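Chemist: Below you'll find the structure I mean.
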Amino acid sequence: MELRNLKDFYEKQTYYDYSETQFKGKTNLEKRVSELTFFVNVALFSILLAIIIYALLSVLTAPIAVPVAFLVSLSLFLLCKRGLSKMIKHVLR
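In my numbering, the protein residues as written are -4 to 88.
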């Protein structure tokens, strides 16, 4: 780039906003960890749902067992997530 005079300099100068220069996207490791977390959550919920449905079908009829199993497995899943997050925070201290 050759500058002939000061007017030429101002025409070719590029201005950046401070917030644009400070934005950092997720790294590949963070993306992979979030994907793994999502699939682990799906797998944990589906395993809990399958086990609880199987147990409740041996005791109750299907129209009653499936909704009850869904509610129970959802509550167990949420409790497991909270427990695991508290345990990880406690271990990392």
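Each residue gets a CB set at the ideal place from its N, CA and C atoms; glycine is no exception.
Since the model is a prediction, treat every value here as computed from it, not as a measurement.
Measure the beta-carbon distance from Val61 to Ile48 and round it to whole angstroms, keeping in mind my assumption that it falls under 8 angstroms.
Modeler: That belief holds up - the Cβ atoms of Val61 and Ile48 are roughly 6 angstroms apart, short of 8 angstroms.
Chemist: Looking at Lys68: is its Cβ nearer than 8 angstroms to the Cβ of Leu43?
Modeler: Note on identity: in this sequence residue 68 is Ser, with Lys being the wrong assignment. Taking 8 angstroms as the Cβ cut-off, Ser68 and Leu43 qualify as a contacting pair.
Chemist: Determine, using beta carbons only, whether Ala64 and Leu74 come nearer to each other than 8 angstroms.
Modeler: Taking 8 angstroms as the Cβ cut-off, Ala64 and Leu74 do not qualify as a contacting pair.
Chemist: For a test of the three-state rule: what should DSSP assign to Arg88, helix, strand or coil?
Modeler: Arg88: coil per DSSP, three-state reduction.
Chemist: In the DSSP assignment, the alpha helix (DSSP H) including Leu44 goes from what residue to what residue?
Modeler: It spans 23 to 52 - the alpha helix (DSSP H) in which Leu44 sits, taken as one unbroken run.
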